[in-house]
Amino acid sequence: GAGVSQTPSNKVTEKGKYVELRCDPISGHTALYWYRQSLGQGPEFLIYFQGTGAADDSGLPNDRFFAVRPEGSVSTLKIQRTERGDSAVYLCASSSLGGPQGNTIYFGEGSWLTVV
Amino acid sequence: AQSVTQLGSHVSVSEGALVLLRCNYSSSVPPYLFWYVQYPNQGLQLLLKYTSAATLVKGINGFEAEFKKSETSFHLTKPSAHMSDAAEYFCAVSDPGRDDKIIFGKGTRLHILP
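Those sequence lines, one after another, are chains D and H.
First residue of the first sequence? That's 1 in our numbering, and the numbers climb one at a time after it.
First residue of the second sequence? That's 1001 in our numbering, and the numbers climb one at a time after it.
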């Protein structure tokens, strides 16, 4: 597609449930990022992929969060045993050569997760 | 660690007036700096970026920002505000020695008064 695509756009789940959020980056982009944006806050870095591997996962808040990118394209962010504090917009972004060094990072519109 | 501080979570200006959104950065190395805009119910869009070339950077929609090393600042300006500029603006920083994440500020919501 023309831009970064994220699904679902909205997800309401019950506390304790498992959730998967999908990101389809711009075709050909090797770098993929996940951010989380809580209400009234700026985007918070979670994890960065270069190809299939996670180059930096230092932003994942705990072991309930996990992300994969098995074929170097689509990525899935997985959240186990969801908590109300996980409610946020989860943003995915991609860039062509892995990072802001002269390469623009393009963001999707986000997946709004609400844990009730 | 790198960080950015945006002064003022809300800024209101009259239509046609100067827009000034403040951003100060903290970095141990000369950084790359960015301004992103987020319109309601839309994704983040890059306004402009500084990557160690010209210190005055021009972006889309008439916005520009100036990198001032002595002040560790990267303030965003626009000479004349338009109603369509109402949005959330985020300043962000990255370490050019590492091609990975960028770190965002908390954002400034810009309100345009008629």
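Just so you know, even glycine gets a beta-carbon here, dropped at the ideal spot from N, CA and C.
Give the DSSP-derived three-state secondary structure of residue i in the structure shown.
i                : result
I955 of chain H  : Nothing about residue 955 of chain H can be read from this structure; chain H reaches only from 1001 to 1114.
E1088 of chain H : strand
R64 of chain D   : coil
R84 of chain D   : helix
S1012 of chain H : strand
E1071 of chain H : helix
So residue i and residue j are in contact, right, with Cβ under 8 Å, and what is the actual spacing, rounded?
i                : j                : result
L113 of chain D  : Y90 of chain D   : 6 Å
D86 of chain D   : V115 of chain D  : 5 Å
V1029 of chain H : L1110 of chain H : 30 Å between Cβ atoms; not a contact.
G108 of chain D  : V4 of chain D    : 4 Å
A1065 of chain H : Y1089 of chain H : Not quite, the Cβ-Cβ distance comes to about 11 Å (not below 8 Å), so this is no contact.
What residues of chain H sit near residue i, judged by a beta carbon separation below 7 Å?
i               : result
F107 of chain D : G1043 and L1044
Y18 of chain D  : Under the 7 Å cutoff, chain H gives no residues; its nearest Cβ is about 26 Å from Y18 of chain D.
T114 of chain D : The contacting residues do not exist; T114 of chain D stays about 15 Å from chain H at best.
G42 of chain D  : F1090, F1104, G1105, K1106 and G1107
Name the chain H residues that come within less than 9 Å of residue i, Cβ to Cβ?
i              : result
F45 of chain D : D1100, K1101, I1102, I1103 and F1104
Y90 of chain D : Going along chain H, no residue has its Cβ under 9 Å from Y90 of chain D, so there is no contact; the nearest lies around 12 Å.
Who are the neighbours of residue i on chain D, taking C-beta pairs under 7 Å?
i                : result
G1008 of chain H : Simply none; closest approach about 13 Å.
Go to residue i, then tell me how far its beta strand (DSSP E) extends in each direction, as first and last residue.
i                : result
Y1019 of chain H : Strictly speaking, residue 1019 of chain H in this sequence is Val, with Tyr absent from that position. Here the beta strand (DSSP E) through V1019 of chain H covers V1019 to S1026.
N10 of chain D   : N10 to T13
L21 of chain D   : V19 to D24
V4 of chain D    : No beta strand (DSSP E) holds V4 of chain D; DSSP gives it neither H nor E.
T76 of chain D   : S75 to I79
L39 of chain D   : Run containing L39 of chain D: none; DSSP gives neither H nor E here.
H1032 of chain H : The displayed chain sequence assigns Tyr, not His, to residue 1032 of chain H. Y1032 to Q1038 is the span of the beta strand (DSSP E), which, as asked, contains Y1032 of chain H.
Per DSSP, residue i forms a beta bridge with which residues?
i                : result
G53 of chain D   : D:Q50
A1065 of chain H : H:V1057 and H:L1076
I1103 of chain H : H:V1093
Which chain H residues sit within Cβ distance under 8 Å of residue i?
i               : result
G138 of chain D : Because chain D here runs from 1 to 116, residue 138 of chain D falls outside it and cannot be looked at.
T104 of chain D : L1046 and K1049
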